[in-house]
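Engineer: If you read the sequence shown in the numbering used here, its first letter stands for residue 1291, the second for the next number, and so on.
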Amino acid sequence: MNSRRYFLKGSLLAAAALSLKPLQGFAGLGKNKPAAGAGGPLVLSTWRFGIQANEAAWEVLGKGGKALDAVEKGVRLVEADPAERSVGYGGRPDRDGRVTLDACIMDQDANIGSVACLEHIKHPISVARAIMEKTPHVLLVGEGALQFALEQGFPKENLLTPESEAEWREWLKTSKYEPIVNIENHDTIGMIALDAAGNLSGACTTSGMAFKMHGRVGDSPIIGAGLYVDNEVGAATATGHGEEVIRVVGSHLVVELMRQGKHPQAACKEAVELILQKFKKRGADLKSAQIGFLALNKQGQYGGFALKPGFNFAVHSTQNNRLLDTDSLLPW
Ligand code: SD4
């Protein structure tokens, strides 16, 4: 079964099991009240794998731990899972058969760390954190990023699993070696959290678009595009067609819209509308595009919105951990 249909099916099943309505169920602005205290703790992450990632993050948040530690721990779970073919170990390779990973992390004090086109390291999010905490820089790429990771003691590993390699070899037969933007061949984990102390942090990690050109970097490691946190306002993260998210500096835009007083869901919707406008102006092909944003404000209100149906996210509060489908601008 292709991964997108699996996502859809998974989310529908989860929603049915929990008797959830789609996002409209809590879309009424201001209805999704903070779960406890000053709004937290609360953690949100993109896609079906967000459920397990949230559980891992909750081991930190539920004990009063920091949002920064929670988001790193949460996304590491997905990075290490070879069954997840769009993040970390087992991620689909580029068109040359190389697994290249992108990740970034941001904390409540606007400390940032980011890594792009990193090979052979299973946990790019932890390399991003080490860049943030141990270097005067914010972004390392390619060879330099690998060198830094090895110096820090990260083990060098083969990330290309037999399953991903087989898929790549199959793709090579028909692709003419041309990267194809396909909404079924990429999914990123973006995670944003509010801790019991009321501080926000976020993390974002991906293997990017499958069969991309070697050296291609999407939005996920670009602070402001794939992730943004402003501890006075809120946090946002993105998934989908990275080139389009970068074009509008999407996650920063969502946070700025929240700063203007917009509810997180309304802010995500407005960012998607802007992306659609740009698509139309350029006469670009919308057929294979998908964009999803997820946002959380300082008060613990949250929401998501997508260009097309199929985007879902997981929310863990003090009450439960559930998967929610978002509304979208367009039908398929
Ligand atoms: C990228 N935004 O590399 C990532 C991929 C993704 O859902 O999130 N897909 O463009």
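Built from N, CA and C at the ideal position, the CB exists for glycine as well. None of these values were measured; they are calculated from a predicted model.
For residue 1513, which three-state DSSP category applies?
Structural biologist: The residue you call residue 1513 lines up with position 223 of the sequence shown. Note: residue 1513 maps to strand in three-state DSSP.
Engineer: Given a cut-off of 7 Å, decide if residue 1358 and residue 1491 are closer than it, judged by their beta-carbon atoms.
Structural biologist: Counted from its first residue, the sequence shown places residue 1491 at position 201. Counted from its first residue, the sequence shown places residue 1358 at position 68. Going by C-beta atoms, residue 1491 is nearer than 7 Å to residue 1358.
Engineer: Check the DSSP bridge columns for residue 1387 and list the partner residues they point to.
Structural biologist: What you label residue 1387 is simply residue 97 of the sequence shown in a count that begins at 1. For residue 1387, which the question treats as bridged, DSSP gives no partner whatsoever.
Engineer: Only counting the same chain, and skipping five residues up and downstream in sequence, which positions put a Cβ closer than 6 Å to that of residue 1494?
Structural biologist: As a working note, residue 1494 is residue 204 in the sequence shown. So the list reads 1394, 1480, 1510, 1516, 1517, 1527, once near-sequence residues are dropped.
Engineer: Could you give the first and the last residue of the continuous alpha helix (DSSP H) run that contains residue 1416?
Structural biologist: Translated into the one-based positions of the sequence shown, residue 1416 becomes position 126. Its alpha helix (DSSP H) spans residues 1414-1424.
Engineer: Within this structure, are the beta carbons of residue 1466 and residue 1410 separated by less than 7 Å?
Structural biologist: Here residue 1466 refers to the residue found at position 176 of the sequence shown. Here residue 1410 refers to the residue found at position 120 of the sequence shown. Against a cut-off of 7 Å, the Cβ pair of residue 1410 and residue 1466 comes out as no contact.
Engineer: Taking the beta carbon of residue 1437 as the centre, do at least 16 other beta carbons fall within 10 Å, making it buried, or is it exposed?
Structural biologist: One-based indexing of the sequence shown puts residue 1437 at position 147. Exposed: under 16 other Cβ atoms inside 10 Å.
Engineer: Helix or strand or just coil, what does DSSP make of residue 1503?
Structural biologist: Along the sequence shown, read from residue 1 onward, the residue named residue 1503 stands at position 213. Note: residue 1503 maps to coil in three-state DSSP.
Engineer: Within this structure, are the beta carbons of residue 1343 and residue 1361 separated by less than 7 Å?
Structural biologist: Mapped onto the sequence shown, residue 1343 falls at position 53. Mapped onto the sequence shown, residue 1361 falls at position 71. No, the pair does not count as a contact, with Cβ atoms beyond the cut-off.
Engineer: Does the distance between the C-beta of residue 1390 and the nearest non-hydrogen atom of the ligand SD4 fall short of 6 Å?
Structural biologist: To locate residue 1390, count along the sequence shown from 1; it is residue 100. No; taking the cut-off as 6 Å, the Cβ of residue 1390 has no heavy atom of the ligand SD4 nearer than that.
Engineer: Any heavy atom of the ligand SD4 within a distance shorter than 6 Å of the CB on residue 1704?
Structural biologist: Nothing about residue 1704 can be reported from this structure: the residues present for the chain run from 1291 to 1622 only.
Engineer: Give the DSSP-derived three-state secondary structure of residue 1438 in the structure shown.
Structural biologist: Within the sequence shown, the letter at position 148 stands for residue 1438. Residue 1438: helix per DSSP, three-state reduction.
Engineer: For residue 1393, write down the residues that DSSP places opposite it in a beta bridge.
Structural biologist: If you number the sequence shown from 1, residue 1393 lands on position 103. Answer by DSSP bridge pairing, in chain order: 1405, 1495.
Engineer: For residue 1529, count neighbouring Cβ atoms within 10 angstroms of its own Cβ and tell me buried if that reaches 16, exposed if not.
Structural biologist: In the sequence shown, counting from the first residue as 1, residue 1529 sits at position 239. It counts as buried.
Engineer: By DSSP, does residue 1470 sit in helix, in strand, or in coil?
Structural biologist: As a first step, residue 1470 must be located in the sequence shown, where it is residue number 180. In this structure, residue 1470 counts as coil in the three-state DSSP scheme.
Engineer: Rounded to whole angstroms, what is the Cα-Cα separation between residue 1613 and residue 1431?
Structural biologist: Within the sequence shown, the letter at position 323 stands for residue 1613. Within the sequence shown, the letter at position 141 stands for residue 1431. Taking the straight line joining both Cα atoms gives about 33 Å.
Engineer: Tell me, which residues are paired with residue 1376 by DSSP?
Structural biologist: Translated into the one-based positions of the sequence shown, residue 1376 becomes position 86. DSSP, once it has assigned bridges, lists no residue as partnering residue 1376.
Engineer: Please tell me whether residue 1334 and residue 1584 are closer than 7 Å, where the distance is taken between their beta carbons.
Structural biologist: Working through the sequence shown from its first residue, we reach residue 1334 at position 44. Working through the sequence shown from its first residue, we reach residue 1584 at position 294. Taking 7 Å as the Cβ cut-off, residue 1334 and residue 1584 qualify as a contacting pair.
Engineer: Considering only heavy atoms of the ligand SD4, does any lie closer than 6 Å to the CB of residue 1628?
Structural biologist: The first residue shown for the chain is 1291 and the last is 1622, placing residue 1628 beyond what the model contains.
Engineer: According to the Cβ coordinates, are residue 1487 and residue 1331 closer than 7 Å?
Structural biologist: Numbered from its first residue, the sequence shown carries residue 1487 at position 197. Numbered from its first residue, the sequence shown carries residue 1331 at position 41. Against a cut-off of 7 Å, the Cβ pair of residue 1331 and residue 1487 comes out as no contact.
Engineer: Using alpha carbons as the reference points, say which of 1616, 1615, 1596, 1607 lies closest to residue 1353.
Structural biologist: For the purposes of this step, residue 1353 is identified with residue 63 of the sequence shown, where counting begins at 1. Of the listed residues, the one whose Cα sits closest to residue 1353 is 1607.
Engineer: Starting from the Cα of residue 1547, find the closest Cα among 1540, 1557, 1539 and give me that residue.
Structural biologist: Start at 1 with the first residue of the sequence shown, and residue 1547 comes out as number 257. Here the closest residue by C-alpha is 1557.
Engineer: Starting from residue 1524, trace the beta strand (DSSP E) both ways and give me its first and last residue.
Structural biologist: Within the sequence shown, numbered from 1, the residue matching residue 1524 stands at position 234. Note, residue 1524: beta strand (DSSP E), 1524-1530.
Engineer: Beta-carbon within less than 7 Å of residue 1346's beta-carbon, same chain only, minus the 5 sequence neighbours each way: which residues are those?
Structural biologist: Taking the sequence shown and counting its residues from 1, the one referred to as residue 1346 is at position 56. Here the set comprises 1363, 1364, 1367.
Engineer: With residue 1602 and residue 1338 assumed to form a contact (beta carbons below 8 Å), what rounded beta-carbon distance in angstroms separates them?
Structural biologist: As a first step, residue 1602 is located in the sequence shown; it is residue number 312 there, counting from the start. As a first step, residue 1338 is located in the sequence shown; it is residue number 48 there, counting from the start. With 8 Å as the limit, residue 1602 and residue 1338 qualify as a contact, their Cβ atoms being about 7 Å apart.
Engineer: Under 7 Å between the Cβ atoms of residue 1505 and residue 1407?
Structural biologist: Residue numbering aside, residue 1505 sits at position 215 when the sequence shown is read from its first letter. Residue numbering aside, residue 1407 sits at position 117 when the sequence shown is read from its first letter. Yes, these two residues count as a Cβ contact at 7 Å.
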